[in-house]
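J.: Just so we're aligned: 348 in my numbering is position 66 of the sequence shown, and the numbers increase by one with no gaps anywhere.
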Amino acid sequence: HLLTLPSPTRSYASSIKFFQTTPSSPLAPNVAYLAVTYRWDGDNVGVPSALFRWRDDGVRTLQDGTRAFGLGFVYASPIPSRAATALAHFSFKGTEGLLAVANSQGWDPSAPGVGSVDVYAMAGGNVTLLQALPAVGAADVVAFTIEDRQFLAVANRQARPPANNTPAEQSVYDQASEIFLWDASLQRFKLHQLLGEEFQSIFEQEPGMEPPVAFSHLRGTTGLHPFTADGE
Numbered sequence: 283h284l285l286t287l288p289s290p291t292r293s294y295a296s297s298i299k300f301f302q303t304t305p306s307s308p309l310a311p312n313v314a315y316l317a318v319t320y321r322w323d324g325d326n327v328g329v330p331s332a333l334f335r336w337r338d339d340g341v342r343t344l345q346d347g348t349r350a351f352g353l354g355f356v357y358a359s360p361i362p363s364r365a366a367t368a369l370a371h372f373s374f375k376g377t378e379g380l381l382a383v384a385n386s387q388g389w390d391p392s393a394p395g396v397g398s399v400d401v402y403a404m405a406g407g408n409v410t411l412l413q414a415l416p417a418v419g420a421a422d423v424v425a426f427t428i429e430d431r432q433f434l435a436v437a438n439r440q441a442r443p444p445a446n447n448t449p450a451e452q453s454v455y456d457q458a459s460e461i462f463l464w465d466a467s468l469q470r471f472k473l474h475q476l477l478g479e480e481f482q483s484i485f486e487q488e489p490g491m492e493p494p495v496a497f498s499h500l501r502g503t504t505g506l507h508p509f510t511a512d513g514e
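#1: Tell me which same chain residues have a C-beta within less than 6 Å of the C-beta of R349, skipping the five on either side of it?
#2: Could you check if H507 is buried or exposed, using at least 16 other CB atoms within 10 Å of its CB as the buried criterion?
#3: Would you tell me roughly how many angstroms separate the C-alpha atoms of L284 and G352, rounded to the nearest one?
#4: Are the beta-carbon atoms belonging to L473 and F462 less than 8 Å from one another?
#5: With DSSP run on the structure shown, which of helix, strand or coil describes A310?
#6: Using 8 Å as the threshold, is the segment 419-436 in touch with the segment 322-336, meaning 3 or more CB pairs across them?
#7: Under the three-state reduction of DSSP, which class applies to L284: helix, strand or coil?
#8: When the Cα atoms are used, what is the spatial distance from W322 to A370?
#9: On a CA-only basis, which of G419, G407 and F301 is nearest S459? Give me that one, please.
#10: Between L380 and Y402, how many whole angstroms is the CB-CB distance? I'm expecting something under 8 Å.
#11: What residues in its chain sit with their C-beta under 7 Å from that of F372, if we drop five residues either side in the sequence?
Structure, rendered in structure tokens:
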């Protein structure tokens, strides 16, 4: 490989996201970034994620001993997180955009799955917390746009680890996922829709076993993927 990202701690990365600021960004136009989320360090889930910035100045030595122009991605800023699972980036005209980090766990040991999706404003490679959106075991976060409206979708997986395999305990996975809409006047996201009971989860059994089972919620959702089909 050409480059090893320097981690501020020995951590277990859960996702990586590349993005670039817009040409109209007032502080850092057309700058490339990599954001890496970390789930834990082997002992602690309160491990900050990290933001890396591309630098094409300077010279570095590759693993085979050859020299290459440009320092590559260098550590720019920590991103506060707790058992982070995913990250999304929004581009807004005239700014460096927003980062949304999905934290699958919270700080209350009695409710470990009550986490948050933290939204950060970017400025010059630094991040400032703008808003904390409620989430339950957030496993994914996705940014998308429909007719100039900007949305944030959060996949909520589970409230806590199940104590056993009984149906009652498996209900910890019956968490409604969420879609938030950006309110430009308030500079905040607001809840737009819950993906609740009207969105059933279908579990296909193995051949020769019981017929498919339909759960009353999206069960154990780990990801969301917006897309268009036939113009819709």
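No residue lacks a Cβ here, since even glycine has one placed at the ideal position from N, Cα and C.
Given the structure is predicted, the values throughout are model-derived calculations rather than measurements.
T.: Judging by the given coordinates:
#1: Around R349: V341 and T343.
#2: Classification for H507: exposed.
#3: Confidence is the limiting factor: at L284 the pLDDT is only 45, short of 50, which leaves the residue's position unreliable, though a coordinate-based value still follows. Between L284 and G352, the C-alpha separation is close to 12 Å.
#4: F462 is positioned such that its CB atom lies closer than 8 Å to that of L473.
#5: Correct three-state label for A310: coil.
#6: Between the segment 419-436 and the segment 322-336 there are fewer than three inter-stretch CB-CB distances shorter than 8 Å, so the stretches are not counted as touching.
#7: Only weak support exists for where L284 lies, its pLDDT of 45 falling under 50; the coordinates are left without a value.
#8: 19 Å
#9: G419
#10: 7 Å
#11: G379, L380, A425 and Q432
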